[in-house]
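Some notes on the structure that comes next.
Protein chains in written order, with the working numbering: chain A, 15 to 166; chain B, 84 to 676.
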């Protein structure tokens, strides 16, 4: 694979991962343009990006910065209860009630299957902090959705 | 409520579909000029929007990626497909599956097969067992295994995978308890798919460990001073030749305990063997079919070790010693480097190091589990009393499968424990005590304060940032003793609680805990300069901060002896609750100096 092909593969993968990862941070509406800006930057600096150990994490941070200029709070759509009957209708509101860091950690780790290392790189925190925010966030999600009486 | 993690993934599928057609591939965006012009606006937003100003946000996007999370050795794979990357090791719930059809026993062989879990052998009351059963994960049912040709000895069986779904299983046979009494290992293969055993020739020596080498269609059997290759296809044992040099620690007990024998791994190209040594110098030897045994280097610890384990990690061989030192050997260059040691928390049993499928490196040693972070180890308490096999759990998540006896020794249970669990032990700040938290993840933020009465080596701080639960499980050890207890926590809120955590035969000790329900809090460090250390420590503790002491020699007779001379960070600095504050305490110089 040539270097040119490699960067295309990388950016296509980044496109796919960021479109899934960003909504929890910047909202559905802001995600496409935020991803576009991040990928454009990555293309213009492709030689440097090719050397990154975790380019997706770096591009995530870049896209989040770009997306936040457009919106202060993420707009997560309501659950399609017809297609997803197993998903709690209160999940979007519960996610919105999390702190931004908790929401991003929960989303990246559980919704997007990012590893702790990738999530730590994306959010510029330690892997240990990822674990802490993840547990707090999940606890708050459960509490928010089902209440204290059903805990555990 | 259905599994929350699965709900998040399903919801994310919906959200991803709603994002719409973001441009695929690179293009020059229309708003790129606006992006750079808006850099100043980003700074303003970060400054005034406290909720949005995340601690790690890179307002300056031109800076290099943060180095804080770039590990020296990064076992985490660079995922190219989100669907193939397993979620971190937290999806598999703990499960007690039950004893199945087997009678009570201990030290049974437990291996994870393609369809379930195989439990075979073990012993009860000095009587070896020769039966086994397989637990099918799909059906949740046990089925008895066919009769085995292996003998009913009391030693714990060893196993190595062969073929598609087969196992080479060996069991030590001894003719007497005295040193020098002949011993060897009986061997057989078991095909999990057909439930058939096949007898194979006995191994000519006492096997301490089995190492599978699928590239050679072989299994290497590790003995006290030799390594023998079992050719799977030919069903024959063949010596690989003697090691160049070994020095073994003498032992009085037979049968052979794997903990005192060399650690051997197969890298895919060669065997790497690290032997125990009396003077703390470990020869590292490699074996290849062409070159045989060659001494490639040494690991120096200066400590006699009786237990080693090794694992292949990113082409290196990581070796864990009984003293919890960790070294990495590069078979290509022969170089040896020392990694961060594991916390002294671990004191019992033999270490077991495993490289998990998702790239993480785990060391298990009761009562804890440590995960390599890239530049150190994060500790997790272990909640099983008898280590089983680290293997994929349900849904492929790494887990420990254990067929263990309960506290009374009356019943067995096959259990799977996810490995490890996050948030159960956020931070062990000082000392040998680990606190495990209850099964409910809604666990409060706790600070374990120094005890009201002395009990040996204490002074443990532990901070766990969770909501408070009604039950707290305590596991601990002190010196060579260990124990556990379940502690009721009946109140929540910002108050001090008393609880007792002790073990049979010893008066339970009482500790104080304070719950703090402000995990996002920031503290303005109080000035502790001029205070005695215990006063400074108490002052900082009341703020939710941790005092770390350093000593500085001052002239004999200096009034600053015993007092805090400096503190870092300085007074009034705002730091997250839970941060460390270094206090420099004056220490008297020798009057004769």
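Where a beta carbon is used, it is the ideal one built from N, C-alpha and C, also for glycine.
- Message: Check whether the stretch 53 to 63 of chain A and the stretch 87 to 96 of chain A touch, using three or more Cβ-Cβ pairs below 8 Å as the test.
- Response: With fewer than three CB-CB distances shorter than 8 Å, the stretch 53 to 63 of chain A does not count as touching the stretch 87 to 96 of chain A.
- Cβ pair count under 8 Å reaching 3, the stretch 105 to 117 of chain A against the stretch 60 to 69 of chain A: Segments in contact, no.
- Task: Would you decide whether residue 51/A is buried or exposed? Buried here means 16 or more other CB atoms lie within 10 Å of its CB.
- Result: Mapped onto the first chain, residue 51/A falls at position 37. Answer is buried; the Cβ neighbour count reaches 16.
- Cβ atoms of residue 658/B and residue 612/B: under 7 Å apart, would you say? Residue numbering aside, residue 612/B sits at position 529 when the second chain is read from its first letter. Residue numbering aside, residue 658/B sits at position 575 when the second chain is read from its first letter. Here residue 612/B is not near residue 658/B, since their CB atoms are 7 Å or more apart.
- Item | For residue 437/B: DSSP bridge partner residues | One-based indexing of the second chain puts residue 437/B at position 354. Residue pairing for residue 437/B: DSSP places it in a beta bridge opposite 445/B.
- Query: Roughly how many whole angstroms lie between the Cα atoms of residue 118/A and residue 39/A?
  - Reply: Residue mapping note: residue 118/A aligns to position 104 of the first chain, counting from 1. Residue mapping note: residue 39/A aligns to position 25 of the first chain, counting from 1. Whole-angstrom Cα-Cα distance: 6 Å.
- So residue 192/B and residue 244/B are in contact, right, with Cβ under 8 Å, and what is the actual spacing, rounded? Along the second chain, read from residue 1 onward, the residue named residue 192/B stands at position 109. Along the second chain, read from residue 1 onward, the residue named residue 244/B stands at position 161. Not really, about 13 Å apart at Cβ, beyond 8 Å.
- Query: What is the rounded straight-line gap between the Cα of residue 127/B and the Cα of residue 36/A?
  - Reply: Taking the second chain and counting its residues from 1, one reaches residue 127/B at position 44. Taking the first chain and counting its residues from 1, one reaches residue 36/A at position 22. Residue placement at residue 127/B is poorly supported in this model, since its pLDDT is 20, which falls under 50; the coordinates still yield a value, given next. Rounded to the nearest angstrom, the two C-alpha atoms are 22 Å apart.
- Task: Return the first residue and the last residue of the alpha helix (DSSP H) that residue 100/B is part of.
- Result: In the second chain, residue 100/B corresponds to position 17, counting from 1. It spans 87 to 102 - the alpha helix (DSSP H) in which residue 100/B sits, taken as one unbroken run.
- Helix, strand or coil for residue 623/B per DSSP? By 1-based counting over the second chain, the position of residue 623/B is 540. DSSP places residue 623/B in helix when its eight states are reduced to three.
- Task: Would you identify the three-state DSSP class for residue 460/B, choosing helix, strand or coil?
- Result: Counting from 1 along the second chain, the entry for residue 460/B is found at position 377. Strand.
- residue 97/A: contacting residues in chain B (beta-carbon distance under 8 Å): For this step, residue 97/A is matched to residue 83 along the first chain. Per Cβ cutoff of 8 Å: 97.
- Query: Are there 16 or more other CB atoms within 10 angstroms of the CB of residue 291/B, so buried, or fewer, so exposed?
  - Reply: In the second chain, counting from the first residue as 1, residue 291/B sits at position 208. Buried.
- May I have the straight-line CA-CA distance separating residue 195/B from residue 113/A, to the nearest angstrom? What you label residue 195/B is simply residue 112 of the second chain in a count that begins at 1. What you label residue 113/A is simply residue 99 of the first chain in a count that begins at 1. Going by the C-alpha atoms only, they are around 40 Å apart.
- Task: Just the chain A side, please: which residues come within less than 8 Å of residue 650/B by C-beta, in chain order?
- Result: Working through the second chain from its first residue, we reach residue 650/B at position 567. Counting only Cβ-Cβ distances below 8 Å, residue 650/B has no contacts in chain A at all, with the closest Cβ about 24 Å away.
- Query: Do you know whose CA, among 21/A, 159/A, 125/A, lies nearest residue 148/A's CA?
  - Reply: As a working note, residue 148/A is residue 134 in the first chain. Of 21/A, 159/A, 125/A, the residue nearest in Cα terms is 125/A.
- With a cut-off of 7 Å, does the C-beta of residue 45/A fall near any C-beta of chain B? On the first chain, residue 45/A is found 31 positions in, with the first residue counted as 1. Output row for residue 45/A: interface = yes.
- Grab the span of the beta strand (DSSP E) containing residue 139/A for me, first residue to last. Taking the first residue of the first chain as 1, we reach residue 139/A at position 125. Counting along the chain, residue 139/A sits inside no beta strand (DSSP E), nor does DSSP assign it H or E at all.
- Query: In chain B, which residues lie with their C-beta within 8 Å of the C-beta of residue 100/A?
  - Reply: Residue 100/A sits at position 86 when you count from the first residue of the first chain. Under the 8 Å cutoff, chain B gives 85, 89, 90, 93.
- Task: Anything in the stretch 17 to 43 of chain A with a Cβ closer than 7 Å to a Cβ of chain B? List those residues in chain order, please.
- Result: Here the close residues are 22, 25, 26, 27, 29, 31, 33, 34, 37, 42.
- Message: Using a Cβ-Cβ cutoff of less than 6 Å, which residues in the same chain neighbour residue 667/B once the five nearest sequence positions on both sides are dropped?
- Response: To locate residue 667/B, count along the second chain from 1; it is residue 584. Here the set comprises 633, 635, 648, 649.
- Any C-beta of chain B sitting closer than 7 Å to the C-beta of residue 112/A? Position 98 of the first chain, counting from 1, holds the residue named residue 112/A. No, residue 112/A does not count as interfacial toward chain B.
- Check whether the Cβ of residue 124/A lies closer than 7 Å to any Cβ atom in chain B. Numbered from its first residue, the first chain carries residue 124/A at position 110. So, interface residue.
- Cβ-heavy atom distance, residue 96/A to the ligand PLP, below 6 Å: Among the ligands in the structure shown, none appear at all, so the ligand PLP cannot be discussed.
- Message: Check for me: the alpha helix (DSSP H) holding residue 650/B runs from which residue to which?
- Response: On the second chain, position 567 is the one that residue 650/B refers to. Per DSSP, residue 650/B lies in no alpha helix (DSSP H) segment; the continuous beta strand (DSSP E) that holds it begins and ends at 647 to 651.
- Query: In its own chain, which residues sit with a C-beta less than 6 Å from the C-beta of residue 211/B, not counting the 5 before and 5 after it?
  - Reply: As a position in the second chain, residue 211/B is number 128, starting the count at 1. Non-local beta-carbon contacts of residue 211/B in its own chain, meaning distances under 6 Å to residues more than five positions away in sequence, involve 235, 236, 237 in chain order.
- Query: In chain B, which residues lie with their C-beta within 8 Å of the C-beta of residue 94/A?
  - Reply: Your numbering for residue 94/A matches position 80 in the first chain. The contacting residues are 97.
- Message: Assuming residue 247/B is part of the alpha helix (DSSP H), what are its boundary residues?
- Response: Taking the first residue of the second chain as 1, we reach residue 247/B at position 164. Unbroken run through residue 247/B: none, as it is neither H nor E.
- Quick one: grab the DSSP three-state call for residue 64/A. Looking up residue 64/A in the first chain gives position 50. For residue 64/A, the secondary structure class from DSSP, reduced to helix, strand or coil, is coil.
- Within 10 angstroms of the Cβ of residue 618/B, are there 16 or more other Cβ atoms? Answer buried if so, exposed if not. As a working mapping, residue 618/B is identified with position 535 in the second chain. Classification for residue 618/B: exposed.
- Taking DSSP as the reference, what is the three-state secondary structure of residue 497/B? Position 414 of the second chain, counted from the first residue, corresponds to residue 497/B. The answer is strand: DSSP assigns residue 497/B an E or B state.
- Task: Give the C-beta separation of residue 400/B and residue 355/B to the nearest angstrom, bearing in mind that I take them to be a contact with Cβ-Cβ under 8 Å.
- Result: Taking the second chain and counting its residues from 1, one reaches residue 400/B at position 317. Taking the second chain and counting its residues from 1, one reaches residue 355/B at position 272. About 5 Å; that satisfies the 8 Å criterion.
- Cβ-based neighbour list, residue 435/B, same chain, cut-off 6 Å, excluding 5 preceding and 5 following: As a first step, residue 435/B is located in the second chain; it is residue number 352 there, counting from the start. So the list reads 392, 447, once near-sequence residues are dropped.
- Query: Is the CB-CB distance between residue 182/B and residue 496/B below 7 Å?
  - Reply: Mapped onto the second chain, residue 182/B falls at position 99. Mapped onto the second chain, residue 496/B falls at position 413. Annotated as proximal: residue 182/B and residue 496/B, with beta-carbon spacing under 7 Å.
- Query: Do residue 49/A and residue 32/A have their CB atoms nearer than 7 Å?
  - Reply: For the purposes of this step, residue 49/A is taken as residue 35 along the first chain, with counting starting at 1. For the purposes of this step, residue 32/A is taken as residue 18 along the first chain, with counting starting at 1. Yes; because the gap between Cβ atoms is below 7 Å, this pair is in contact.
- Which two residues bound the contiguous alpha helix (DSSP H) that contains residue 57/A? For the purposes of this step, residue 57/A is taken as the residue at position 43 of the first chain. Unbroken alpha helix (DSSP H) run through residue 57/A: 45 to 58.
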